[in-house]
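Heads up: the protein sequence lines correspond to chains A and B, in order. Residue numbering for the first sequence follows full-length UniProt numbering, beginning at 1 and increasing consecutively. Residue numbering for the second sequence follows full-length UniProt numbering, beginning at 1 and increasing consecutively. Just so it is clear, CB atoms sit at the ideal spot from N, CA and C, and this is done for glycine as well. Take a look at the structure set out below.
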Amino acid sequence: MALTREAASTPRVGGPSRRPHGKRPPRRTADARAGYAFLAPWLLGFIALTAGPMVASAYLSFTDYHPVRGGDWIGWDNYQRLFDDPRFLDSVEVTLLYAVVGTPIKLAAALGVAMLLNNRRGGQGTYRSAFYAPSLIGASVSIAIVWRAMFNDDGIVDEAGQLFGMSEGGWIGNPDLSLPMMILLAVWQFGAPMVIFLAGLKQIPNELYEAADVDGAGAWRKFTKITLPMLSPVLFFNLVLETIHSFQVFASAFIISGGRGGPANSTLFYTLYLYQRGFGQGQLGYAAAMAWLLVIVVGIITLIFFRTSRYWVFYSGEGR
Amino acid sequence: MSLGRTALSGLALALAGSLALTACGSDGGGGDDGGQVTLRFTWWGADERSQRYEEAIALFEEANPDIEVQTGFAEFQDYWTQRSTDATSGELPDVLQMDLSRLLEYTNAGLLYDMTEFEGNQLDTSQIDEELLASGQVDEQLLGIPTGTNTWALHYNPDLLAELGVEPPEWDYTWEDYHAFVAEVSEAGADLDPRVHGATDYTVTWWVFLQWLVQQGTEPFAENGEMNFTEDDLRTFLSSTDALRDAGHTFPIERLDQLTPLGGFNSGEAAVEFHWDNFIHSYANDLGNENIQLMPMPSGPDGEKHMFYKPSMQLSMGANTAHPEEAAALIDFLINDPEAGQIIGTDLGVPASQGRLDALDVEDGSLEQRAIEYEQRVADEGYVTETVPRHPEGFGALETEYVEVLGNEFSYGQIDADDFVDRLFTEAENLLVTE
Numbered sequence: 001m002a003l004t005r006e007a008a009s010t011p012r013v014g015g016p017s018r019r020p021h022g023k024r025p026p027r028r029t030a031d032a033r034a035g036y037a038f039l040a041p042w043l044l045g046f047i048a049l050t051a052g053p054m055v056a057s058a059y060l061s062f063t064d065y066h067p068v069r070g071g072d073w074i075g076w077d078n079y080q081r082l083f084d085d086p087r088f089l090d091s092v093e094v095t096l097l098y099a100v101v102g103t104p105i106k107l108a109a110a111l112g113v114a115m116l117l118n119n120r121r122g123g124q125g126t127y128r129s130a131f132y133a134p135s136l137i138g139a140s141v142s143i144a145i146v147w148r149a150m151f152n153d154d155g156i157v158d159e160a161g162q163l164f165g166m167s168e169g170g171w172i173g174n175p176d177l178s179l180p181m182m183i184l185l186a187v188w189q190f191g192a193p194m195v196i197f198l199a200g201l202k203q204i205p206n207e208l209y210e211a212a213d214v215d216g217a218g219a220w221r222k223f224t225k226i227t228l229p230m231l232s233p234v235l236f237f238n239l240v241l242e243t244i245h246s247f248q249v250f251a252s253a254f255i256i257s258g259g260r261g262g263p264a265n266s267t268l269f270y271t272l273y274l275y276q277r278g279f280g281q282g283q284l285g286y287a288a289a290m291a292w293l294l295v296i297v298v299g300i301i302t303l304i305f306f307r308t309s310r311y312w313v314f315y316s317g318e319g320r
Numbered sequence: 001m002s003l004g005r006t007a008l009s010g011l012a013l014a015l016a017g018s019l020a021l022t023a024c025g026s027d028g029g030g031g032d033d034g035g036q037v038t039l040r041f042t043w044w045g046a047d048e049r050s051q052r053y054e055e056a057i058a059l060f061e062e063a064n065p066d067i068e069v070q071t072g073f074a075e076f077q078d079y080w081t082q083r084s085t086d087a088t089s090g091e092l093p094d095v096l097q098m099d100l101s102r103l104l105e106y107t108n109a110g111l112l113y114d115m116t117e118f119e120g121n122q123l124d125t126s127q128i129d130e131e132l133l134a135s136g137q138v139d140e141q142l143l144g145i146p147t148g149t150n151t152w153a154l155h156y157n158p159d160l161l162a163e164l165g166v167e168p169p170e171w172d173y174t175w176e177d178y179h180a181f182v183a184e185v186s187e188a189g190a191d192l193d194p195r196v197h198g199a200t201d202y203t204v205t206w207w208v209f210l211q212w213l214v215q216q217g218t219e220p221f222a223e224n225g226e227m228n229f230t231e232d233d234l235r236t237f238l239s240s241t242d243a244l245r246d247a248g249h250t251f252p253i254e255r256l257d258q259l260t261p262l263g264g265f266n267s268g269e270a271a272v273e274f275h276w277d278n279f280i281h282s283y284a285n286d287l288g289n290e291n292i293q294l295m296p297m298p299s300g301p302d303g304e305k306h307m308f309y310k311p312s313m314q315l316s317m318g319a320n321t322a323h324p325e326e327a328a329a330l331i332d333f334l335i336n337d338p339e340a341g342q343i344i345g346t347d348l349g350v351p352a353s354q355g356r357l358d359a360l361d362v363e364d365g366s367l368e369q370r371a372i373e374y375e376q377r378v379a380d381e382g383y384v385t386e387t388v389p390r391h392p393e394g395f396g397a398l399e400t401e402y403v404e405v406l407g408n409e410f411s412y413g414q415i416d417a418d419d420f421v422d423r424l425f426t427e428a429e430n431l432l433v434t435e
């Protein structure tokens, strides 16, 4: 977009004089038109596939729309009902817990492995691929099914636990363990942030470490005083992305709990509940209200991240 | 300028092209090329049912080489999720399995095809009992053809009971007898691995609640769609198995959640289960054992059973169908054709069509025979005295709330009976359509 604008506004023919109130010169109009023509496929897609449905869902959230019956305008009722709905509150709790616990663990795992891989030793490519693989397959349906089998009664995890004298039974049917299991599944897919961290680590000038060595700094000190500050923009990026991501978890929860969010609502993620209301019970208006609330809350959280970033994100060249 | 024009015309061309393509796409569903007609047909059910349907459809396609039937199936709850999505986009299947719990909803939204015009032509309904046929009629329109009847039953596993040394109840048993029986089985099966229980807690089964209400003399729903039962009724019903639950005699929900999509009974870990009698087929299939027997529901407070037949399911046509005549022919085939009947058996209920039922060649000792004899015997014994409870619009959604949401939380002890009652009555205001 920016590129097109720039090209369109670059005066080519001797720079026409500015005429703020008159008609724009034909050359520029033509260029702009061409620019928009090239943009059109994207714009059409955006309007038809993103903006349109968003407007529609905003409208639906103020109706009691049902896919079979249709619906009427009911004002803010859906939004008010949300706060009297015990399952809604359950789903908020589950999702927040998942995001607050899962995201830091995932990022820590990603950073840890990235630092190990950053040592210049042989076979780095192989390891990198091996650690990245779960992210490629992790979101798939088959992995969720395998996961379900592993954590069932007498599944491999249960048996391993029994070896160590922990006979808890399967995690799937245990409301206390099913959410930790989901978090584990998410953490295991640390490949994407890991690769980004790895790229960030390679950007840190080696001289900094050499200088620190000369000054006699230990490994921990180098990590906290050099690696973390230098990596903070990448860390910030990963944090924002993974947080948003964790609010949107759906497929794995849907498959592992059979769409129910069980046991006992312990894996009733926000999006899963939204799906149940919207498509299971046909309360599309209610589901739309939930969707909009999610957009707003995620928006606010992201905004907070950006606002607070100036206190802890360090951009080199900024001269702080 | 020339660049702009070229780009624009190129774009216009591309757009026109893609529109043309999508236009082809939406027509493609009908598939009219060369007189070939494609019908879409969907149902809910397990593998067992799909094998039967697929086999019958193959026969239909053989007899009608110019018709191709595309099929799809899902488990009951998912099935309705898919259909409501279809309904939103105006793309219901040409032929779909319909349930009383959704019939009014779909009818009132104008989503179903009135099949009256085909009666006596493509569609022969003369063999179907009038009262049964009327269950698929709304305001003199014919919207669903019943495939058969079913009624509630206690399915039991005689081999498992023999292994445990527990006798099944007598046919005239009461709810108290049933509770004692469940406790006895659970105690006998406590040391087995995996542990065997008597049954799942029936209070979280919507239809057992309705059957229980009918036994108390309460018609569950009024004509205007409102609930006739009170909060106290529901509370009493939910607490009727308190003793069994507290003693750990009902099938544990933690285990049940892991067995999904199977249940306790069809995993061989529970000895009995209340369900519609036609579930005998999928149960036998899941268990890999045909020795499953049926007995009626426990007697109510007056010593009577107050049971009822329900049209097990109906076949309907989406109002948007492009090939109503062919769709009607498919329904007729599935309802009346003797060969199809032999394949389908009693999986869709005891056949609604008398001709088909008479023509059914039932093997001695088969599941079909058991289902047919069971329905015959409960009628002969005078157990079936009621008509199926009313299904107001929103019935299906309320059932889902009862079973999938509240029943689950209640079983986990997350909510107590009072919460259950409160929440069901609150949700009912949003789910039921009342006049």
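Q: Could you spell out where the beta strand (DSSP E) holding VAL384/B opens and where it closes?
A: Counting along the chain, the beta strand (DSSP E) containing VAL384/B begins and ends at 384-387.
Q) According to a CB-to-CB cut-off of less than 8 Å, which residues of the stretch 168-193 of chain A neighbour chain B? A) GLY169, GLY170, ILE172, GLY173, ASN174 and PRO175
Q | chain B contact for VAL195/A (CB, 9 Å cutoff) | A | no
(Q) If you reduce the DSSP assignment to three classes, tell me which class TRP76/A lands in. (A) coil
Q: Figure out for me which residue from ALA186/A, TYR59/A, LEU231/A and TRP171/A has the closest Cα to the Cα of ALA114/A.
A: Minimum Cα distance to ALA114/A is reached at LEU231/A.
**Q.** CA-to-CA distance, ILE256/A to ARG310/A, given in whole angstroms
**A.** 40 Å
Q | Euclidean distance between Cα positions of ALA284/B and GLU326/B | A | Answer to the nearest angstrom: the Cα atoms are 34 Å apart.
Q | Backbone secondary structure at ARG370/B - three-state DSSP | A | helix
(Q) Short of 6 Å in beta carbon distance, which residues of its chain neighbour ALA109/A, apart from the five on each side in sequence? Order them along the chain. (A) Excluding sequence neighbours, ALA109/A sits near VAL187 and PHE190.
Q | Residue-chain proximity (ASN408/B, chain D), Cβ-Cβ < 9 Å | A | Looking for chain D here will not work: the only protein chains present are A and B.
**Q.** Status (buried if at least 16 other CB within 10 Å, exposed otherwise) for ALA287/A
**A.** buried
Q. Which two residues bound the contiguous alpha helix (DSSP H) that contains THR426/B?
A. 417-431
Q. Who are the Cβ neighbours of GLY148/B in its own chain at under 6 Å, not counting the five residues just before and after it?
A. SER312, LEU348, GLY349, VAL350, PRO351 and ALA352
Q.
Which residues does DSSP list as the beta-bridge partners of TYR132/A?
A. TYR132/A pairs with nothing; no bridge assigned.
Q) Which residue or residues does DSSP assign as beta-bridge partners of THR250/B? A) ALA199/B
Q. How would you label MET54/A, buried or exposed, when you count the other beta carbons within 10 angstroms and need 16 or more for buried?
A. exposed
Q | chain B contact residues for PRO134/A, given Cβ-Cβ distances below 8 Å | A | What PRO134/A touches in chain B: nothing, since even the nearest Cβ is about 24 Å away.
**Q.** Every unbroken alpha helix (DSSP H) within the stretch 213-283 of chain B, with a cutoff of 4 residues, ordered by chain
**A.** 231-238, 242-246 and 253-259
Q) In whole angstroms, what is the alpha-carbon distance linking GLY102/A and GLU269/B? A) 36 Å
Q. Which residues bound the alpha helix (DSSP H) around THR85/B?
A. 76-88
Q. What whole-angstrom Cβ distance do PRO93/B and GLY318/B have, given they're in contact under 8 Å?
A. 6 Å
Q. Using the beta-carbon count (16 or more within 10 Å), is PRO205/A buried or exposed?
A. exposed
Q. Buried or exposed: where does PRO220/B fall if 16 or more other Cβ atoms within 10 Å of its Cβ makes it buried?
A. buried
Q: List the DSSP bridge partners of ASN152/A.
A: Answer is none; ASN152/A lacks a bridge partner.
Q.
Suppose the cutoff is 7 Å on Cβ atoms and the five residues either side in sequence are ignored; what does the same chain contact list for ILE301/A look like?
A. THR243
Q: Would you check if the distance between the CB atom of THR432/B and the CB atom of GLU393/B is smaller than 9 Å?
A: For clarity, residue 432/B is Leu in the given sequence; the question names Thr instead. Their beta carbons are under 9 Å apart, which means LEU432/B touches GLU393/B by this criterion.
Q: Assign GLN283/A to buried or exposed, taking buried as 16 or more other Cβ atoms, counted over all protein chains shown, within 10 Å of its Cβ.
A: buried
(Q) Quick check for students: name the residue ranges of the alpha helix (DSSP H) that lie wholly in the stretch 48-72 of chain A, counting only runs of 4 or more. (A) 52-60
Q: Give the residues of chain A in contact with SER84/B, contact being defined as C-beta atoms less than 7 Å apart.
A: PRO67, VAL68, PHE279 and GLY282
Q.
Can you check which of these residues, PHE237/A, ILE172/A and ILE196/A, is closest to TRP147/A by C-alpha distance?
A. Residue ILE172/A is the option with its Cα nearest to TRP147/A.
**Q.** For GLY225/B, the nearest candidate out of ARG40/B, GLU427/B and PHE395/B (CA to CA)
**A.** When only C-alpha atoms are compared, the closest one is PHE395/B.
Q) Can you check whether the CB of GLY280/A is closer than 9 Å to the CB of THR260/B? A) no
Q. Quick one: what does DSSP say TYR106/B is sitting in, helix, strand or coil?
A. helix
Q. Taking only beta-carbon atoms, is ALA251/A less than 9 Å away from chain B?
A. no
**Q.** Contact under 9 Å by Cβ, GLY262/A with ASN408/B
**A.** Contact flag set, yes.
Q.
Using beta carbons (cut-off 9 Å, strictly below), is GLY423/B in contact with chain A?
A. Before going on, a small fix: residue 423/B reads as Arg here, not Gly. At least one chain A Cβ lies under 9 Å of ARG423/B.
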